[in-house]
Structures are given as C-alpha cells and as structure tokens.
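Report on one structure; see the data block that follows.
2 protein chains.
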Amino acid sequence: MPPFDMGRVRDVSAQADVNPCGACPVRSLTVCAALEAEELRRLAEILQTVRFEPGHTLFGEGDKADTLYNVTAGTMKLYKLLPDGRRQITGFLLPGDFLGLSVNETYAYSAEAVTPVTLCRFPRRRMEALLDEFPKMQRRLFSMASNELAAAQDQMLLLGRKTAKEKICSFLLMLSQRAQRRGHKENPVHVPMSRADIADYLGLTTETVSRTFTQLKTSRVIALLEGNKVQIHDMDQLYDLAEGS
Amino acid sequence: MPPFDMGRVRDVSAQADVNPCGACPVRSLTVCAALEAEELRRLAEILQTVRFEPGHTLFGEGDKADTLYNVTAGTMKLYKLLPDGRRQITGFLLPGDFLGLSVNETYAYSAEAVTPVTLCRFPRRRMEALLDEFPKMQRRLFSMASNELAAAQDQMLLLGRKTAKEKICSFLLMLSQRAQRRGHKENPVHVPMSRADIADYLGLTTETVSRTFTQLKTSRVIALLEGNKVQIHDMDQLYDLAEGS
DNA sequence: GCCGGCTATGCCGCCGTTCGATATGGGCCG
DNA sequence: CGGCCCATATCGAACGGCGGCATAGCCGGC
Chain P
1 MPPFDMGRVR DVSAQADVNP CGACPVRSLT VCAALEAEEL RRLAEILQTV
51 RFEPGHTLFG EGDKADTLYN VTAGTMKLYK LLPDGRRQIT GFLLPGDFLG
101 LSVNETYAYS AEAVTPVTLC RFPRRRMEAL LDEFPKMQRR LFSMASNELA
151 AAQDQMLLLG RKTAKEKICS FLLMLSQRAQ RRGHKENPVH VPMSRADIAD
201 YLGLTTETVS RTFTQLKTSR VIALLEGNKV QIHDMDQLYD LAEGS
Chain U
1001 MPPFDMGRVR DVSAQADVNP CGACPVRSLT VCAALEAEEL RRLAEILQTV
1051 RFEPGHTLFG EGDKADTLYN VTAGTMKLYK LLPDGRRQIT GFLLPGDFLG
1101 LSVNETYAYS AEAVTPVTLC RFPRRRMEAL LDEFPKMQRR LFSMASNELA
1151 AAQDQMLLLG RKTAKEKICS FLLMLSQRAQ RRGHKENPVH VPMSRADIAD
1201 YLGLTTETVS RTFTQLKTSR VIALLEGNKV QIHDMDQLYD LAEGS
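So the sequence lines, in the order shown, correspond to chains P and U.
With this note's numbering, the residue at position 163 of the first sequence is 163, and numbering never jumps.
With this note's numbering, the residue at position 75 of the second sequence is 1075, and numbering never jumps.
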C-alpha cells in the first residue's frame, strides 16, 4: 500500500513516473484487464489514486455521479436507506471491483469505506470518451455489469427465501470464494465488516447475526479466530447449509 | 399481434417481406432503439419471432445460454429455485425488456411465460458479432444492464427491509410506472400475475399477499377491479406507504 | 351444472425482532 | 504498563408480524 497520509491525494507520479497500472496488483480482475500497454497509458492519464479511512462516505445516494472508481485495496460497502433510517447494504466491494455506474446522472446508492481503502478515480466524461475509443474496455465493463447482475439475483434469492442460518452460511461462502478469486486463501476467511453491516446486508438484525454465529460455532461448523477471521471446518457442509439441502 | 398458432414459429417474412423491426411497437424501449435503418436490417436477418402460451418455460436455470430474446408482447417471469423448491422470482419482463444475458455460457435463472408472449429471438453468436460491429448497440445494451442493476438494488432494499404492506405498495407503484413508460395509462394498473407469483417476487406467502391486498382495499387505498386491474385511489399516499414514511 | 384451480380468511405457532442487560475488547491516556 | 472508556458484540426474555394450515368462497372452463 502506498505511503499516503492524507484523505485525498493526487498521484502525480501517474504521469511523470512509471505507469502505475502496470504494477497494479488487481488489474487482472478489473476493467483494465482488457487493455494493451498503450491503452493502459491513456487510462493512467485520466486517473487519480485516492485513499480513505474507515467510515468515510465516498458519495451519497442522489449525489451527482461525475466520477467512477475502481477499488484497489480495502473493502467498501454500498447501501440504500429508507426515510425512517432502515438500511439495506446492496454490496461489499473488494479490490478489483468497479464502482459508480449510474442511470440518470446521480448515484442510486451511497458508498462508504469499511476498512482503509485505496481507489482509482476516473472523471466520468473522460472515462466515457475512452470507452467509446476502446470497445474492448466497453465490452469488459459490460461483462462485469452482467456478473454483478447475476450476483444481485443470487442476493434476491437469499433475501427473499433463505433462513437466517442459510443467509449467514451463504455470506461466509461468498466471502471465501471472492477471497479465493483474488488469490488469497479461502479458509480461514477474513470478515472485516461489523455485525451491523452483515445484518443490513442479509436483511437481519445484529442480534440474529450474533446468535447465528454462536449457533454455527456451537455446532462445530465454524470457529471464530483472532483478527476477524472465521475458520470453516467443513466447506461442503457449509455449502449444504447455505441452500437448505 | 401476428396470427401465429403454434408454440414456435419461424418468421420467414422477416427476410422476404418488409422489415418487421420497422413496425415494432416497442422498438424505442429496446436495444434496437439505438440502430439506424441499415443496422436494423442486419439485425432482422438474424432474428426469429416466436410466441408462447402462459406457463411455457422458455429455458431453465443451468441450460446452455445460446439464445438471447427481446420481449415484444406479454409478460414473462424470471426465477431461481432452492433445492427444496423455494422460489424467488427475480423479475417480471414487459414488452421492450431484454432477456438472456449470461455469465458462464449457462442461464443463471429460469424464464417462463406469465401471459401469452411474443419474443424476438437472436442466436447468441451472431448477436455478439453484431455487437462488435455496432458499438452503439453495445452501449445501449450496457445502459439497459445498468438500469436493471439499479432496479435489482431497489428490489434488495424491498426484500431485506420493507414490511409486507410496503412491499405490496412498492410493487403496485412499479407496475404503474412501467406501464406508463410503455405508453399505457398509469391507473388503474394491470396485474397479470397470480398471487403466488407476486408472493415469490416479494419474499412473502400467497396468504400474506391476499391479506395485504384486502387490508389496502379496506383502508380505501386501492380497489380491485375486473380483469386483474387495480385502481389506485391516491398515488401519493401509495408512494408514502411504499417507503414507510 | 360440475369440477378444479386460484383466492380469501380465520386460527395458531414460530422465527426473528425488540428491548434491556451484560460481556468483551481495542484505543487512549495517565 | 495498567486502567478507564466507549463501541461493539452477546445473550435472555417477551412480543409481534408473518407463515402454515385448513376451510370456505369465487370464478372460469368444459
């Protein structure tokens, strides 16, 4: 992680020094995976690297959507609110995930840092111009959006039809699989978000989340380790528990 | 509606006769809206028109995803199943909606006709070739996917955090707004799907759906009319009820 | 007119919520 | 280094909204 010490930092080395994208650890996962060296250079020209602390709100629902982001380190959460304060977290973003697609010029959700995060930041206009110029990039972005759509449908099944226990098991499995895709070990799985965040992601309360973790621990399905890590004792069993079969 | 009388019909008039897309009533809503006359002609070359009766399963979750569709008339439902039969309907498709995006060569959900439907049918390979050739079409498809993503996030908020009453009110509002976008009157709203389908879309049971409709009727928010139509007495009130404010 | 599927509704039970109290643990300061 | 403090997590008890089941009513099709 670069040694930044401010909330927002303009990465002047992007233009002057070596191409930062060339050394990007998550490039293969992102929209940038589709690009050649020359295209990467063009992308780097319009990019800023920024860093935020946990709890920082990147943007709020309804804000003007003039910026796109790519997560390069840390975890973010996206959420929507009801007037009385009820909250639904619609997704957690991990390194390599894209952020900032919008429909009508405004963001449809809020985005907040869960852990310290670093992001690549693209002005929307210039990004769109690049997309027109590089159809490969457009196609890659479309493919990522399709993947998110499929994940959203999985999440609908979870929210609408799964029990508390199935939801927690599905959640742990998802974190494990996403960690694996990023080249980390699948077990034990790192769970950086709070019980409240997990509850608002799964359509539960913090109490139910706590109780269910305790229940899974008591029945020897998982173990809670130091540093927000969860050891999964039997991955196949967890998979079955996640689908009620 | 063309006078088809079979389950699957190859529309031979597409190539031989007048360009059918030119007269398409929902073209402005679909991916085809982005196309010029010449591009439309190319699209028409690879297209078949098909028609299905209610209950017909277009494809199932896990099937090989070698075909894309565009709904031109009627209503379809998309759903996912759990091993024990629990079902979550992830969306209802109306004329103009696109269908068949997939991640790993297989459909991630099943698709079934709710009412009699007519669809445009595109072989996946040839469609992808056209997308490469016409970036405007690719961009349009991406924009439609972004819209669906936003709708999916709304649905997550509904499933995870709204009460039964709020869910039903949100559902009626959505149908009303979608009807309006298609040039129909927003009120009364046509509700072609069964209580069971509504329940599986909103994460409820049929009984709760029935009870909630009765409750809304008793409190004079709506009235149930002939022909599966619902009269909304006060649209603003319904909007407030849908968000719990 | 009869039959079958869908819808409506009363009754009861349960899962998850709500509320309150207690435990834990990490950060900060003395 | 130890102790305090506040946020978070955990746990117990009571409540309530929604689900499950059974029955009755409705409507459409043949």
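Positions of the beta carbon are idealized from the N, C-alpha and C atoms, including for glycine.
Look up Ser-219 (chain P) in the DSSP assignment and say whether it is helix, strand or coil. Residue mapping note: residue 219 (chain P) aligns to position 219 of the first sequence, counting from 1. Reduced to three states, the DSSP call for Ser-219 (chain P) is coil.
According to DSSP, simplified to helix, strand and coil, what is Asp-83 (chain P)? The residue you call residue 83 (chain P) lines up with position 83 of the first sequence. The question names Asp, yet the displayed sequence has Pro at residue 83 (chain P). Of the three classes helix, strand and coil, the one that applies to Pro-83 (chain P) here is coil, per DSSP.
Cβ shell of Leu-1225 (chain U) (< 6 Å), same chain only, five flanking positions each side left out: As a working note, residue 1225 (chain U) is residue 225 in the second sequence. These residues qualify, in order along the chain: Pro-1188 and Gln-1231.
Residue range of the beta strand (DSSP E) that includes Tyr-1107 (chain U): In the second sequence, residue 1107 (chain U) corresponds to position 107, counting from 1. Careful: Tyr-1107 (chain U) lies outside any beta strand (DSSP E) and carries neither H nor E.
Quick check: the Cα distance between Phe-1142 (chain U) and Ala-1108 (chain U), rounded to an integer number of angstroms? As a first step, residue 1142 (chain U) is located in the second sequence; it is residue number 142 there, counting from the start. As a first step, residue 1108 (chain U) is located in the second sequence; it is residue number 108 there, counting from the start. So the two alpha carbons sit approximately 18 Å from each other.
Just the C-alpha distance for Gly-1244 (chain U) and Leu-1130 (chain U), rounded to the nearest angstrom, thanks. On the second sequence, position 244 is the one that residue 1244 (chain U) refers to. On the second sequence, position 130 is the one that residue 1130 (chain U) refers to. Their Cα atoms are separated by approximately 46 Å.
Would you say Asp-84 (chain P) reaches chain U, if we count a Cβ-Cβ gap shorter than 7 Å as a contact? The count along the first sequence starts at 1 and reaches residue 84 (chain P) at position 84. By this cut-off, Asp-84 (chain P) is an interface position.
Would you verify that the beta carbon of Gln-1215 (chain U) is, or is not, closer than 7 Å to some beta carbon of chain P? As a working note, residue 1215 (chain U) is residue 215 in the second sequence. So, not an interface residue.
Less than 7 Å between CB atoms is the rule here; does Met-1156 (chain U) satisfy it with respect to chain P? Here the question's residue 1156 (chain U) lines up with position 156 in the second sequence. Taking Cβ atoms only, chain P reaches closer than 7 Å to Met-1156 (chain U), which makes this a yes.
Neighbour list for Asn-147 (chain P) in chain U, Cβ cutoff strictly below 8 Å: Position 147 of the first sequence holds residue 147 (chain P). The contacting residues are Val-1103.
Kindly list, in the order they appear in chain U, the residues whose Cβ is closer than 9 Å to that of Ser-110 (chain P). On the first sequence, position 110 is the one that residue 110 (chain P) refers to. Going along chain U, no residue has its Cβ under 9 Å from Ser-110 (chain P), so there is no contact; the nearest lies around 11 Å.
Residues that Asp-243 (chain P) contacts on chain U, provided the C-beta gap is smaller than 8 Å: Within the first sequence, numbered from 1, the residue matching residue 243 (chain P) stands at position 243. Note that residue 243 (chain P) is Glu in the sequence shown here, rather than Asp. Ordered by position in chain U, the residues that pass the 8 Å Cβ test against Glu-243 (chain P) are Leu-1082 and Pro-1083.
Contact set between Thr-1090 (chain U) and chain P, taken where Cβ atoms lie within less than 7 Å: For the purposes of this step, residue 1090 (chain U) is taken as residue 90 along the second sequence, with counting starting at 1. Correct list: Gln-153 and Met-156.
Can you name the residues that DSSP bridges to Arg-1121 (chain U)? Translated into the one-based positions of the second sequence, residue 1121 (chain U) becomes position 121. Paired residue(s): U:Gln-1048 and U:Tyr-1069.
CB contact below 7 Å: Ala-1129 (chain U) versus chain P: Counted from its first residue, the second sequence places residue 1129 (chain U) at position 129. It does not: the Cβ of Ala-1129 (chain U) has no partner Cβ on chain P nearer than 7 Å.
Distance, Cα to Cα, Ala-1223 (chain U) vs Asp-1154 (chain U)? Position 223 of the second sequence holds residue 1223 (chain U). Position 154 of the second sequence holds residue 1154 (chain U). In a straight line, the C-alpha of Ala-1223 (chain U) is about 26 Å away from that of Asp-1154 (chain U).
Under 7 Å between C-beta atoms, does Ala-150 (chain P) make it to chain U? Walking along the first sequence from the start, residue 150 (chain P) turns up at place 150. Yes, Ala-150 (chain P) counts as interfacial toward chain U.
So, at 8 Å on beta carbons, what are the nonlocal neighbours of Val-31 (chain P) in its own chain, with the 5 sequence-adjacent residues on each side left out? Residue mapping note: residue 31 (chain P) aligns to position 31 of the first sequence, counting from 1. Cβ neighbours of Val-31 (chain P) beyond the five flanking positions: Asn-70, Phe-98, Met-137, Arg-140, Leu-141 and Met-144.
I need the DSSP call for Thr-57 (chain P), collapsed to helix, strand or coil. Walking along the first sequence from the start, residue 57 (chain P) turns up at place 57. Strand at Thr-57 (chain P).
Could you compute how far the alpha carbon of Cys-1120 (chain U) sits from the alpha carbon of Gly-1055 (chain U)? Taking the second sequence and counting its residues from 1, the one referred to as residue 1120 (chain U) is at position 120. Taking the second sequence and counting its residues from 1, the one referred to as residue 1055 (chain U) is at position 55. Their Cα atoms are separated by approximately 18 Å.
Restricting to runs no shorter than 3 residues, where is the beta strand (DSSP E) found entirely within the region 1154-1204 of chain U? none
Near Tyr-1239 (chain U), which residues of its chain fall below 7 Å by C-beta distance, leaving aside the five closest residues on each side in sequence? Position 239 of the second sequence, counted from the start, is the residue given in the question as residue 1239 (chain U). Excluding residues within five positions, the ones whose Cβ falls inside 7 Å are Leu-1173.
Taking C-beta to C-beta, are His-1190 (chain U) and Lys-1229 (chain U) nearer than 7 Å? Working through the second sequence from its first residue, we reach residue 1190 (chain U) at position 190. Working through the second sequence from its first residue, we reach residue 1229 (chain U) at position 229. Contact: yes.
In three-state DSSP terms, what is Thr-90 (chain P)? One-based indexing of the first sequence puts residue 90 (chain P) at position 90. The answer is strand: DSSP assigns Thr-90 (chain P) an E or B state.
State yes or no: is the C-beta of Leu-94 (chain P) within less than 7 Å of the C-beta of Arg-178 (chain P)? Here residue 94 (chain P) corresponds to residue number 94 of the first sequence, with the count starting at 1. Here residue 178 (chain P) corresponds to residue number 178 of the first sequence, with the count starting at 1. A contact, by the Cβ cut-off of 7 Å.
8 Å Cβ cut-off: residues of chain P touching Phe-1142 (chain U): Position 142 of the second sequence, counted from the first residue, corresponds to residue 1142 (chain U). In chain order: Gln-138, Leu-141, Phe-142 and Ala-145.
Any heavy atom of the ligand FMN within a distance shorter than 6 Å of the CB on Leu-29 (chain P)? This structure lacks the ligand FMN, and indeed carries no ligand of any kind.
Go ahead and pull the three-state DSSP assignment for Phe-142 (chain P). As a first step, residue 142 (chain P) is located in the first sequence; it is residue number 142 there, counting from the start. Phe-142 (chain P): helix per DSSP, three-state reduction.
Contact with chain P by Asp-1005 (chain U), beta-carbon distance below 7 Å: In the second sequence, the residue the question calls residue 1005 (chain U) occupies position 5. With a pLDDT of 39 at Asp-1005 (chain U), under the threshold of 50, the modelled position of this residue cannot be trusted; read the value that follows with caution. Asp-1005 (chain U) does not count as touching chain P.
Which residues of chain U have a Cβ atom closer than 9 Å to the Cβ of Gly-263 (chain P), listed in chain order? Residue 263 (chain P) cannot be examined here, being either before or after the span of chain P that is shown, 1 to 245.
Run through DSSP, which three-state label would Val-246 (chain P) get? Any question about residue 246 (chain P) goes unanswered here, given that chain P covers just 1 to 245.
If I follow the unbroken alpha helix (DSSP H) through Asp-236 (chain P), where does it start and stop? Here the question's residue 236 (chain P) lines up with position 236 in the first sequence. Start and end: 235-243.
According to DSSP, residues forming a beta bridge with Met-1076 (chain U): Sequence index remark: in the second sequence, residue 1076 (chain U) carries index 76 (1-based). Answer is U:Leu-1093 and U:Ala-1113.
Rounded to whole angstroms, what's the CA-CA distance from Val-103 (chain P) to Asn-1147 (chain U)? Just pull it up for me. By one-based count along the first sequence, residue 103 (chain P) stands at place 103. By one-based count along the second sequence, residue 1147 (chain U) stands at place 147. So the alpha carbons of these two residues sit roughly 6 Å apart.
Look at the Cβ atom of Ser-1110 (chain U), then the Cβ atom of Gly-1060 (chain U), and state whether they are nearer than 7 Å. Within the second sequence, the letter at position 110 stands for residue 1110 (chain U). Within the second sequence, the letter at position 60 stands for residue 1060 (chain U). In this structure, Gly-1060 (chain U) lies closer than 7 Å to Ser-1110 (chain U) by Cβ.
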